[in-house]
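Chains as they are written, first to last, in this note's numbering: chain A, 30 to 601; chain B, 30 to 601.
Protein chains: 2
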Amino acid sequence: MQIWRVNVRTQTLTISETPVLWEKLGGRGLLARILVDADIADCDPLGPRNLLIFAPGLLVGHRLSSCDRISVGAKSPLTGGIKESNAGGRTGYHMAALGMKALIIEDRPAQPQEAGWWTLVLSKEGVRFDPADDLAGLGVYAAAPKLLERYGDKVAISLIGPGGEMLMAGAGIQNIDKDRVPSRINARGGMGAVMGSKRLKAIIFDDSGGERPPVADPAAFKAATKAYHKALLGHPQTKIYADYGTAAMTRLCNGLGAIPTRNFSAGQFEGADRISGEALRELILARDGEGETTHACMAGCSIRCSNIFADDSGAEVVSPVEYETIGLMGSNLGIDSLDDIAHLNWHVNDLGLDSIEIGAALGVACDAGLMAFGDGERARELLEEIRQGTALGRVLGNGATTTGKVYGVERVAAVKGQAMSAYDGRAIKGTGVTYATSPQGADHTAGLTIRAKVDHLSPEGQIELSRNAQINMAGFDTLGACIFAGFGFAAAPEAASHLLNARYGWETDAGVLQELGKETLALEREFNHQAGFTAQDDRLPEWMTRTPLPPHDAIFDVPTEELDRIFEGIEG
Amino acid sequence: MQIWRVNVRTQTLTISETPVLWEKLGGRGLLARILVDADIADCDPLGPRNLLIFAPGLLVGHRLSSCDRISVGAKSPLTGGIKESNAGGRTGYHMAALGMKALIIEDRPAQPQEAGWWTLVLSKEGVRFDPADDLAGLGVYAAAPKLLERYGDKVAISLIGPGGEMLMAGAGIQNIDKDRVPSRINARGGMGAVMGSKRLKAIIFDDSGGERPPVADPAAFKAATKAYHKALLGHPQTKIYADYGTAAMTRLCNGLGAIPTRNFSAGQFEGADRISGEALRELILARDGEGETTHACMAGCSIRCSNIFADDSGAEVVSPVEYETIGLMGSNLGIDSLDDIAHLNWHVNDLGLDSIEIGAALGVACDAGLMAFGDGERARELLEEIRQGTALGRVLGNGATTTGKVYGVERVAAVKGQAMSAYDGRAIKGTGVTYATSPQGADHTAGLTIRAKVDHLSPEGQIELSRNAQINMAGFDTLGACIFAGFGFAAAPEAASHLLNARYGWETDAGVLQELGKETLALEREFNHQAGFTAQDDRLPEWMTRTPLPPHDAIFDVPTEELDRIFEGIEG
């Protein structure tokens with residue numbers, strides 16, 4: 030596997046062998062290693078020194094269920110720290126087939142404003158830069174078909190929407206899925222803005238002539254694959270996700286008093302049943318047409334947590350509707366209509382923006398008097414402001430923290446400038462600890478603790494819980510494994526090690542996942558330290574420590590001294 | 030002298046003796062001491078834990094020329110660090126007459142949005158909170174006369190405009206001057222937003238029954254006063270400031286290639302002669318009516334650097350027109366009309382905003398395509414957007430950094446989130462060092478080096494130059510002395526010490542100014558350290574290290590390792 034470096038100023042490609050230190054890492058861990066080694070922690074995130082890196086995880090390229098994810102990383106324009114954001118879709122698999130250990134995109138055009146827009150085409154032939162000015166301003170749902178027409182429907186595509194073009198800190202990068210729909214988004218932390226700063230509208234990964242990555246011990250790999258798949262399919266949660274998708278979380282989170290409601294002013298939503306996983310499934314089943322209750326984002330996935338939401342005429346609205354969007358663009362906005370949520374979801378996707386960040390920003394906008402809670406039509410108008418690039422739209426597109434700052438709203442649920450996901454950290458305190466201390470900023474995928482059998486309202490024991498979750502998640506993200514693949518790896522503790530050993534000829538043991546996770550976190554902390562982060566950045570917002578969350582009147586009361594010790598022993 | 034503490038939630042006043050540790054400090058140094066001792070460095074700047082502190086300098090209250098300034102401080106909503114902003118006018122003198130060593134305003138109303146607006150009235154009678162809802166939304170030029178009518182024309186008044194009410198990070202606090210015009214602004218760092226967060230529209234200092242602060246040795250004080258005034262009046266620069274005001278700087282700075290031009294894209298402005306101090310003087314003299322070329326902001330000032338600008342009908346437009354405003358709202362916007370600048374100045378004052386921060390924000394807005402350079406009418410429209418509180422207006426009112434972030438403009442001349450003053454740090458590198466390393470964020474008053482006889486374009490020797498300037502300025506700010514009083518103190522090195530010894534019965538020597546300056550800087554650095562600042566915050570923006578400034582093609586090339594050593598030996 031090789032390192033592909035593309036310089037967007039000189040429009041050149043350099044392919045080199047993977048440095049020894051980088052070999053044992055992939056995905057999130059490799060991004061961190063590359064970013065630390067590049068010594069760019071002090072760079073302007075949208076300036077020429079930042080790197081935009083695509084790295085498939087260590088297990089990507091073999092159609093292992095839920096293990097073909099693509100990690101994208103850079104210094105984040107949203108947090109000012111390190112960022113990894115991963116997604117499903119085809120990109121990871123195609124990169125692996127091209128033999129790419131990582132793609133590092135460097136520099137930016139000399140005169141960015143006059144540079145136009147480009148499509149970066151990568152294949153066995155090398156690199157090509159095609160003008161993409163005709164795609165500028167197009168949403169991803171309009172741009173993707175044009176790219177597929179231009180480059181054939183066998184390629185993988187990563188692209189940005191108007192949000193990324195406008196350098197909004199809430200912008201992500203979309204990847205087409207197995208059905209060629211650009212719905213798989215590296216959503217968090219503004220990676221789309223970094224891509225926009227490099228003037229790339231799209232990247233084409235054409236794996237013609239490529240092949241599956243080599244496997245050191247094919248028989249062992251086959252056996253390990255079988256054991257992993259068996260464990261994954263045998264886990265009860267896998268079935269739940271197939272039936273209800275991530276939306277299964279709505280009732281659970283509402284029951285715990287932790288669902289973001291009206292800009293994080295409450296933890297239970299009276300309309301929760303109308304936007305639950307059950308309601309979503311019933312609605313999809315009740316409507317004839319293109320809707321599907323279960324759907325895979327990557328070939329070979331056996332969880333199939335995705336879905337296709339159709340309107341009452343049976344026409345597809347968006348795919349998928351996920352819990353995070355339900356929480357942030359539903360209950361958080363006081364909206365209890367799945368139709369409204371699905372339409373908002375389509376718009377935010379089309380803009381190439383993170384539905385969590387934008388949902389949080391809209392919640393802040395409600396508190397600023399720009400929208401009434403529950404007014405889905407007004408929410409759609411606000412998304413249209415983003416598309417038009419109005420002042421208000423640009424504020425919202427830059428996320429919740431910017432919106433709160435501009436409008437003087439204190440109640441912004443964010444850490445390191447990044448909005449919280451759909452679990453209020455006051456009522457699920459282990460996840461609150463994750464939000465506070467993750468080098469990534471507030472993000473449930475950095476270490477969600479909701480499934481632990483603990484008193485989520487107690488400050489006791491949450492540090493250890495979050496620490497373990499953060500280590501595991503950093504490990505999964507380094508493998509290229511989806512958060513739900515974790516059910517399989519947890520049920521078959523040797524699986525990750527057996528797969529890695531068979532794939533690479535290594536001799537790891539069952540502790541490898543944690544080792545990878547710890548190494549990744551240590552590297553990320555190192556980057557953030559160099560970027561100027563201190564313990565003061567590892568805090569929930571002050572208002573969450575004094576403003577009680579109904580119905581449990583919970584405040585975030587995990588002591589700061591404990592927060593400051595969470596990574597003791599992990600950092601080198 | 031006593032410490033007055035007002036709690037705006039309980040609407041109560043507590044008066045206590047000055048703690049021993051605080052006695053030897055005043056103004057900026059005392060603010061720093063109080064803020065560090067309060068252990069609030071981690072607070073939300075607009076939250077209930079922040080303190081808004083008014084502290085006259087050590088020499089305030091005696092009508093010493095240019096030495097009755099009022100320092101206002103808090104944790105800054107603009108920089109996130111410590112902030113001191115000082116101004117002339119009557120406030121300092123009235124506080125001293127009331128025996129106030131410092132006024133500390135604590136907490137905020139329990140339900141800020143429903144709390145209404147208040148006038149805080151302080152006098153020998155104690156405290157009173159008067160409803161001020163009828164003043165809400167009024168500019169300071171409309172609000173001040175109503176307050177004077179209500180409280181008599183002998184009081185001192187500090188008040189905020191719409192900017193502070195809207196919690197804009199570019200908002201200052203205005204003080205009435207000796208002519209009862211609210212033109213003396215604690216401009217920088219968003220102190221007006223902090224006052225707004227505490228729901229105070231105005232503060233009345235009624236010194237009826239008050240008296241001059243005690244003097245330990247009246248005869249010695251008289252002699253020291255005489256020596257100081259003689260030195261000040263004998264300095265050639267004093268005469269220049271009386272004739273031309275700070276606008277004398279226009280030609281000097283333009284000649285050095287350091288005047289901000291078209292959003293800091295050049296250091297010389299072809300229209301500089303039309304907005305110079307000479308042109309300003311000629312224009313004022315040529316117009317009959319209310320204009321004045323020289324004017325004092327405080328009773329007893331012998332420099333009288335201020336002026337009154339009248340339009341061609343002779344009617345007063347604004348007082349004063351200062352160099353910083355000429356630089357930031359003139360050349361920086363490509364505007365070469367003093368009439369345009371004066372009108373913009375009036376508007377920005379009336380809004381209660383910092384003309385430096387807003388001028389810088391408008392410059393960024395030009396680069397964002399929101400205004401053409403040179404279009405004074407459009408600039409006025411943009412200020413009207415601020416007044417209306419539109420999305421665009423709120424973005425601009427929050428300053429240059431927010432504007433750049435929202436619009437994806439890289440060329441923002443700011444440090445720690447605060448815009449640079451009207452000296453480009455690439456061409457006056459000692460001042461660039463001050464911008465980078467001052468705990469206050471980019472601010473010329475923290476240590477301007479333009480008068481030093483050095484090669485301002487060379488990176489050599491700038492650290493030492495800036496260090497000394499920063500120490501001296503922190504010392505002056507602790508005395509309550511205007512930046513121009515420094516000419517007197519420099520010409521009579523014993524003056525500060527003699528004045529302090531006579532006033533307080535101390536036994537300081539000529540080194541006292543530097544000692545006060547060093548102690549102040551050490552305290553400020555301590556606060557910022559606790560707030561999470563690191564060496565990474567002591568940097569000019571990255572683009573200034575690689576984008577050459579015409580005509581000298583200067584970049585900022587003082588090594589970062591040197592920046593990191595500037596305060597060695599000062600910090601405890």
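No residue lacks a Cβ here, since even glycine has one placed at the ideal position from N, Cα and C.
Two segments are said to touch when three or more pairs of C-beta atoms, one from each, lie closer than 8 Å; by this definition the stretch 403-412 of chain A touches the stretch 353-366 of chain A. Of the candidates B:Ser305, B:Gly426, B:Ala216, the residue whose Cα lies closest to the Cα of Val435 (chain A) is B:Gly426.
The three-state reading of DSSP puts Ile233 (chain A) in strand, counting E and B together.
In this structure Val49 (chain B) is exposed. Its beta-carbon is surrounded by fewer than 16 other beta-carbon atoms within 10 angstroms.
For Ala131 (chain B), no chain A residue has a Cβ inside 8 Å of its Cβ, as the nearest lies near 24 Å away. Inclusion of Gly199 (chain B) and Leu382 (chain B) in the CB contact set at 9 Å is warranted, their separation being smaller than that value. Identification of residues in the stretch 179-200 of chain A having a C-beta nearer than 7 Å to some C-beta of chain B yields Met195, Leu196, given in sequence order. Non-local beta-carbon contacts of Asp136 (chain A) in its own chain, meaning distances under 6 Å to residues more than five positions away in sequence, involve Asn36, Val37, Arg38, Pro77 in chain order. By the neighbour-count criterion, in which a residue is buried when 16 or more other Cβ atoms sit within 10 angstroms of its Cβ, Thr43 (chain A) is exposed. Secondary structure at Pro579 (chain A): coil, using DSSP grouped into helix, strand and coil. Excluding residues up to 5 positions away in sequence, Asn292, Ala429, Thr432, Gly433, Tyr436, Val438, Arg440, Val441 lie with their Cβ nearer than 8 Å to the Cβ of Val393 (chain A) in the same chain. Listed along chain B, no residue sits closer than 9 Å to Asp404 (chain A) by beta-carbon distance, the nearest being about 18 Å off. Under the DSSP assignment, Asp159 (chain B) falls in the beta strand (DSSP E) whose first and last residues are 155-160. Residue pairing by DSSP puts Trp33 (chain A) in a beta bridge opposite A:Ile44, A:Leu132.
The C-beta of Glu351 (chain B) has 16 or more other C-beta atoms within 10 Å across all chains shown, which makes the residue buried. For Gly76 (chain B), the neighbours in chain A by C-beta distance under 8 Å run, in chain order, Glu439, Glu571, Trp572. Within chain A, the residues Arg423, Val424, Asn427, Thr431 have their CB atoms less than 7 Å from the CB of Val435 (chain B), given in chain order.
Secondary structure of Ile269 (chain A) (DSSP, three-state): helix. In summary, the residues of the stretch 556-568 of chain A whose CB is separated from some CB of chain B by less than 9 Å are His558, Gln559, Ala560, Gly561, Phe562, Thr563, Ala564, Gln565, Asp566, Arg568, in the order they occur in the chain. Residue B:His485 holds the alpha-carbon nearest to the alpha-carbon of Ile584 (chain B) among B:Thr419, B:Leu399, B:His485. Fully contained in the stretch 393-422 of chain B are the following alpha helix (DSSP H) runs of length 4 or more, in chain order: 405-417. Inter-segment contact for the stretch 341-349 of chain A and the stretch 318-328 of chain A is present: three or more beta-carbon pairs are separated by less than 8 Å.
Taking 9 Å as the CB threshold, Ala139 (chain A) stays off the interface with chain B. In this structure, Arg316 (chain B) lies near Asp341 (chain B), with their beta-carbon atoms less than 9 Å apart. Residue pairing of Phe556 (chain B) in beta bridges, as defined by DSSP: absent, with no partner found. If you compare the alpha carbons of B:Ala539, B:Leu64, B:Leu59, B:Met30 with that of Ala560 (chain B), the shortest gap goes to B:Leu64. Neighbourhood of Thr419 (chain B) in chain A, by CB distance below 9 Å: Ala420, Leu421, in chain order. When only Cα atoms are considered, Ala481 (chain A) and Val462 (chain A) end up about 14 Å apart.
Uninterrupted alpha helix (DSSP H) stretches at least 4 residues long and entirely within the stretch 167-192 of chain A occur at 169-180, given in chain order.
Residue-level contact by beta carbon holds for Cys72 (chain A) and chain B, with a gap shorter than 9 Å. Asn115 (chain B) sits in a strand when the DSSP states are folded into three classes.
A contact between stretches requires three or more CB pairs, one per stretch, nearer than 8 Å, and the stretch 90-109 of chain B meets this requirement with the stretch 117-125 of chain B. Contact between Tyr452 (chain A) and Ile492 (chain A) is ruled out by a C-beta separation of about 17 Å, above the 8 Å threshold. His324 (chain A): member of the beta strand (DSSP E) spanning 321-324, first to last residue. The DSSP assignment places complete beta strand (DSSP E) segments of no fewer than 3 residues inside the stretch 62-118 of chain B at 81-85, 99-104, 111-116, in order along the chain.
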